[in-house]
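Step one of this worksheet: look at the structure below.
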Amino acid sequence: MEAVVYFLHAAIVAGTPLLFATLGEIITERSGNMNLGVEGMMLMGAVIGFMVGLNTESATLALLAAMIAGAGGALIFAFLTITLRANQVVSGLTLTIFGSGFADFVGQDLVGQIAPEKLRMFFRPYNIPILGDIPFIGSVLFRQDVFVYLGYLTAILLGIYLYKTSLGMNLRAVGENPGAADAAGVNVTLYKYFHTLLGGALCGLGGAYLSLVYVPALQEGVTAGRGWIAVALVIFATWNPYKALFGAYLFGGLDIIGFRIQNLGINVSQYFIDMLPYLVTITVLVVVSMRKSREKAGPKACGIPYFREER
Amino acid sequence: MAMPITVRVIKKSEPGRIKAASIRIGAIVLALAASSLFILLLSLNPIDVYLKMIQGAFGTAYRVKETIVKTIPLVITSLGIGIAFKMQFWNIGGEGQIAMGAFAASYFALYMNGMPKPLLLLVMILAGMLAGGLWALIPAFFKAQWGTNETIVTLMMNYIALKWVMFLQYGPWRDPNSLGFPKIANFPENAVLPRLFGVHIGWVFALILVIIVYIFINHTKKGYEIAVIGESMNTARYAGINIKKTILIAIMLSGGLCGLVGMIQASAVNYTLSVEITGGVGFTAIITAWLAALSAPLILIVSFLFAALLEGGSYIQTVFGIPQAAAEILQGLILFFVLGSEFFVRYKFVLVRKHHTVAEKGVS
Chain V
533 MEAVVYFLHA
543 AIVAGTPLLF
553 ATLGEIITER
563 SGNMNLGVEG
573 MMLMGAVIGF
583 MVGLNTESAT
593 LALLAAMIAG
603 AGGALIFAFL
613 TITLRANQVV
623 SGLTLTIFGS
633 GFADFVGQDL
643 VGQIAPEKLR
653 MFFRPYNIPI
663 LGDIPFIGSV
673 LFRQDVFVYL
683 GYLTAILLGI
693 YLYKTSLGMN
703 LRAVGENPGA
713 ADAAGVNVTL
723 YKYFHTLLGG
733 ALCGLGGAYL
743 SLVYVPALQE
753 GVTAGRGWIA
763 VALVIFATWN
773 PYKALFGAYL
783 FGGLDIIGFR
793 IQNLGINVSQ
803 YFIDMLPYLV
813 TITVLVVVSM
823 RKSREKAGPK
833 ACGIPYFREE
843 R
Chain W
24 MAMPITVRVI
34 KKSEPGRIKA
44 ASIRIGAIVL
54 ALAASSLFIL
64 LLSLNPIDVY
74 LKMIQGAFGT
84 AYRVKETIVK
94 TIPLVITSLG
104 IGIAFKMQFW
114 NIGGEGQIAM
124 GAFAASYFAL
134 YMNGMPKPLL
144 LLVMILAGML
154 AGGLWALIPA
164 FFKAQWGTNE
174 TIVTLMMNYI
184 ALKWVMFLQY
194 GPWRDPNSLG
204 FPKIANFPEN
214 AVLPRLFGVH
224 IGWVFALILV
234 IIVYIFINHT
244 KKGYEIAVIG
254 ESMNTARYAG
264 INIKKTILIA
274 IMLSGGLCGL
284 VGMIQASAVN
294 YTLSVEITGG
304 VGFTAIITAW
314 LAALSAPLIL
324 IVSFLFAALL
334 EGGSYIQTVF
344 GIPQAAAEIL
354 QGLILFFVLG
364 SEFFVRYKFV
374 LVRKHHTVAE
384 KGVS
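Set out below in structure tokens:
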């Protein structure tokens with residue numbers, strides 16, 4: 533039993549960077565922009581967040597910087613695809629290439645450094661009174677670090693925003709049918725810019741969790757493909773922030789299951805275990821696409837640039 | 024009555040070829056200017072850096088050959104990826120397809136090398152192309168059957184292929200004679216592609232493939248069908264094109280070309296299989312294919328220039344101590360500018376005087 537609690541606890545920790553990136557991409561795609569630069573924005577957030585954290589020893593400033601870095605990457609994408617109507621797929625891929633170059637370059641002298649003591653103390657697991665004492669659930673969910681709690685909060689707030697506010701409804705309209713939203717008086721360009729940047733900021737946070745809390749040190753290519761898994765998780769979660777919670781923690785579990793399997797004395801090559809998250813991602817995508825239903829499809833206008841004059 | 028003047032963006036009816044080309048060249052010049060700012064930030068003289076880059080790519084006969092060796096995999100991979108992109112099938116699994124092609128070719132080079140040299144090389148080429156093609160066929164099948172998002176599946180398969188090669192390198196294929204260093208044994212001499220004019224024969228393959236792909240895309244029925252699917256699935260369906268079959272064939276070809284690159288790199292450049300076999304070509308080729316507007320002849324030119332950029336880039340690393348990552352940033356910057364410039368190729372700005380006519384008032 534204790535082993536199960538320990539495993540689930542660790543799965544949530546491993547799933548937190550995925551959660552932020554997935555939420556970021558959900559909000560981006562809801563505005564009709566498919567930004568495949570998640571991996572790049574996460575890397576930018578990881579390195580800038582780490583750098584600021586190292587120099588200021590302030591968690592708030594570090595997270596803020598990571599968000600700005602991610603949003604900065606998203607701004608390049610937004611300008612290219614929204615204002616200049618460039619191809620979204622290629623722009624996103626380029627952002628990933630640029631972001632990983634940027635991160636390697638900026639972080640070259642910091643690679644291998646460990647996150648400062650003060651920050652590690654700040655991000656140590658914190659037992660929430662009462663909730664943390666609930667048997668089983670409390671130990672899994674409410675004895676986590678502040679960043680994990682921020683993840684719960686972000687998912688719930690985004691869910692409320694999307695489904696319960698008029699701004700969220702406008703956003704969904706922009707993603708489904710920008711022409712109609714435009715006609716109804718919604719500023720399509722503004723909505724697209726804002727949510728693409730917000731999405732980038734969340735991806736930056738996801739990266740910062742890796743370098744500041746999860747590892748906690750700066751490594752080259754610290755994301756190791758998590759940005760891409762997040763893009764797949766958006767489909768798995770059917771663009772729903774609440775389901776993203778479940779998906780991200782499930783994949784967090786897959787990420788760490790390798791060590792457990794080997795601890796159980798089962799003799800499988802490390803390299804095959806490393807394939808697991810990727811294999812499961814493919815399986816999930818195929819299964820989701822096989823039983824495609826109307827409500828499970830993504831925002832209809834996702835991936836298509838909007839141009840008022842060409843309606 | 025006041026007639027306010029506003030700027031409107033309208034689509035150009037038919038962008039002139041020369042004008043389009045000059046806009047794109049302008050974008051590259053702007054990208055170089057932006058890169059200069061970046062180089063200035065490194066407190067270096069941009070002119071010096073660019074001159075050294077040119078020297079690094081073309082300075083001596085040896086360097087020119089090295090640039091050509093770098094061009095070969097880029098050209099062939101870009102051709103392969105270009106076929107898929109033409110169909111709006113986002114094959115970003117070039118890395119994995121190259122790795123699997125190299126794996127299959129290496130199997131024959133290492134364990135079935137008793138054949139005469141020409142036969143062995145032919146078998147290796149076919150095995151490489153088949154492995155790359157089959158590896159690409161998996162996401163293509165999912166896409167054709169259920170519309171599964173190919174971007175992510177092809178990418179996930181890169182990681183799987185690389186882990187597979189790692190498994191071989193650190194496990195069953197590890198050379199026992201390599202004294203603790205995890206590497207696979209070098210190929211025997213009869214598994215190495217011959218040279219022609221000092222460069223391995225891959226350059227001949229690349230040139231022939233440019234011509235074949237050009238003819239395939241522009242002058243065959245299948246090539247035309249691929250372009251139609253890329254333009255609009257509905258049009259293709261309406262025209263009675265067998266979409267599933269065309270997707271499978273096109274992606275098999277796309278992956279087959281990437282697989283061939285794996286064979287060439289293993290046989291003629293690395294003389295063995297390793298996790299470094301792809302060298303990021305699968306990703307760089309996405310950029311070159313797009314910059315070349317998916318046109319086979321342009322792919323040849325752009326790949327050569329890009330190989331020069333990479334070769335020059337690695338030279339300035341040693342001369343100025345600029346890290347490898349700087350080259351990636353430059354690549355990203357150049358592509359950002361070219362992507363943005365497409366807007367000015369397709370659209371133009373016009374000044375319009377707003378006439379408040381009766382009809383318009385009637386509408387509002």
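The listed protein sequences derive, respectively, from chains V and W.
Offset between the first sequence (1-based) and this note's numbering: plus 532.
Offset between the second sequence (1-based) and this note's numbering: plus 23.
Glycine residues also receive a C-beta, built at the ideal position from the N, C-alpha and C atoms.
Proximity below 7 Å, CB of V:Gly564 to CB of V:Gly707 | A Cβ-Cβ contact shorter than 7 Å links V:Gly564 with V:Gly707.
Top-ranked residue by Cα proximity to V:Tyr633, from W:Phe360, W:Val361 and W:Ala349 = Tyr is not the amino acid found at residue 633 of chain V; the sequence shown has Gly there. With respect to the C-alpha of V:Gly633, the residue from W:Phe360, W:Val361 and W:Ala349 having the closest C-alpha is W:Ala349.
For a contact meaning CB atoms closer than 8 Å, what does W:Leu329 contact in chain V?
-> According to the sequence displayed, residue 329 of chain W carries Phe and not Leu. Here the premise fails: no neighbours, minimum Cβ distance about 13 Å.
To which residues does DSSP link W:Thr29 through a beta bridge?
-> Beta-bridge pairing by DSSP links W:Thr29 to W:Val375.
Whether W:Met110 touches W:Ala154 by CB criterion (7 Å) | Cβ distance not < 7 Å, so W:Met110 and W:Ala154 don't count as in contact.
Proximity winner among W:Tyr130, W:Leu144 and W:Gln168, relative to W:Ala208 (alpha-carbon distances) = Minimum Cα distance to W:Ala208 is reached at W:Tyr130.
Helix, strand or coil: which one does DSSP assign to V:Thr749?
-> One detail in the question is off: residue 749 of chain V reads as Ala in this sequence, not Thr. DSSP places V:Ala749 in strand when its eight states are reduced to three.
Alpha carbon to alpha carbon, how far is V:Gly572 from W:Ile91? Give it in angstroms, no decimals.
-> For W:Ile91 and V:Gly572, the distance between alpha carbons rounds to 30 Å.
From W:Thr295, W:Thr94, W:Ile345 and W:Ala214, pick the residue whose C-alpha is nearest to that of V:Gln640; which is it?
-> Among W:Thr295, W:Thr94, W:Ile345 and W:Ala214, the Cα nearest to that of V:Gln640 is on W:Ile345.
V:Val818 (DSSP reduced to helix, strand or coil) | Three-state DSSP puts V:Val818 in a helix.
With distances taken between CB atoms, is the gap from V:Ala594 to V:Val584 smaller than 7 Å?
-> Taking 7 Å as the Cβ cut-off, V:Ala594 and V:Val584 qualify as a contacting pair.
State yes or no: is the beta carbon of V:Ser623 nearer than 7 Å to at least one beta carbon in chain W?
-> Yes, V:Ser623 counts as interfacial toward chain W.
Rounded straight-line distance, which links the Cα of W:Pro211 to that of V:Val621 | Using only the alpha carbons, I get a separation of about 42 Å.
So which residues of chain W does V:Gln640 contact, with C-beta pairs closer than 8 Å?
-> Result: Pro346 and Ala348.
Within the 7 Å Cβ cut-off, does W:Lys186 reach chain V?
-> It does; some Cβ of chain V falls within 7 Å.
In chain W, which residues lie less than 7 Å from V:Arg617 when you measure between Cβ atoms?
-> Going along chain W in sequence order, the residues near V:Arg617 (Cβ under 7 Å) are Phe366.
From V:His727, V:Leu777 and V:Val643, pick the residue whose C-alpha is nearest to that of V:Leu687; which is it?
-> In the sequence as displayed, the identity of residue 687 of chain V is Ala instead of Leu. Closest option to V:Ala687, Cα to Cα, is V:Leu777.
Does any CB atom of chain W fall closer than 7 Å to the CB of V:Trp771?
-> No, its Cβ sits nowhere closer than 7 Å to a Cβ of chain W.
Using only alpha-carbon positions, find the residue among V:Leu744, V:Tyr810, V:Val570 and V:Leu616 that is nearest to V:Asn587.
-> Closest by alpha carbon: V:Leu744.
Near W:Leu149, which residues of its chain fall below 8 Å by C-beta distance, leaving aside the five closest residues on each side in sequence?
-> The answer is none, since no qualifying residue turns up.
Among all the DSSP beta bridges, which residues are the ones paired with W:Lys34?
-> In the DSSP assignment, W:Lys34 forms a beta bridge with W:Tyr370.
Chain V contacts made by the segment 106 to 125 of chain W, where a contact means CB separation under 8 Å = Within the segment 106 to 125 of chain W, the qualifying residues are Trp113 and Ile115.
Per-residue DSSP class, three states only, for W:Val298 = Residue state, collapsed to three classes: helix.
Return the bridge partner residues of W:His223 from the DSSP annotation.
-> BP columns for W:His223 point to W:Arg218.
Within-7 Å CB hit, V:Met576 to chain W | For V:Met576, no Cβ of chain W is located within less than 7 Å of the residue's own Cβ.
For W:Gly246 and W:Leu74, the rounded distance between their alpha carbons = When the Cα atoms are used, W:Leu74 and W:Gly246 turn out to be separated by approximately 41 Å.
Short CB-CB distance (under 7 Å) between W:Thr243 and chain V | At a cut-off of 7 Å, the C-beta of W:Thr243 has no neighbouring C-beta in chain V.
Own chain partners of W:Ile115 with C-beta closer than 7 Å, once the 5 adjacent residues on each side are dropped | So the list reads Thr174, Thr177, Leu178 and Ile309, once near-sequence residues are dropped.
6 Å CB neighbourhood of V:Val754 in its chain, flanking five on each side removed = For V:Val754, where only same-chain residues beyond five positions count, the Cβ hits under 6 Å are Ala578, Leu742 and Ser743.
Closer than 7 Å at the beta carbon, the chain W residues around V:Asp787 = Those within 7 Å of V:Asp787 in chain W number zero; the least Cβ separation is about 13 Å.
Apply the 10 Å Cβ neighbour rule to W:Glu248 and answer buried if 16 or more other Cβ atoms are within range, or exposed otherwise.
-> Here W:Glu248 is buried: its Cβ has 16 or more other Cβ atoms, across all protein chains shown, within 10 Å.
Below-7 Å beta-carbon distance, V:Met653 vs any chain C residue = This model lacks chain C altogether, as its protein chains are V and W.
Step through the CB atoms of chain V and report whether any lies within less than 7 Å of the CB of W:Asn257.
-> For W:Asn257, the answer is no, since every Cβ of chain V falls outside 7 Å of its Cβ.
Tell me, please, whether the CB atom of W:Ser387 is closer than 7 Å to any CB atom in chain V?
-> Any answer about W:Ser387 is weak, because its pLDDT of 35 lies below 50 and its placement is not dependable; what the coordinates show is given next. Chain V contact via Cβ: absent.
Less than 8 Å between the CB atoms is what I'm expecting for W:Val233 and W:Ala319, so what's the real figure, rounded?
-> Sure, about 5 Å apart at Cβ, within 8 Å.
W:Ile266 beta carbon less than 7 Å from that of W:Ala273 | No. Outside cutoff.
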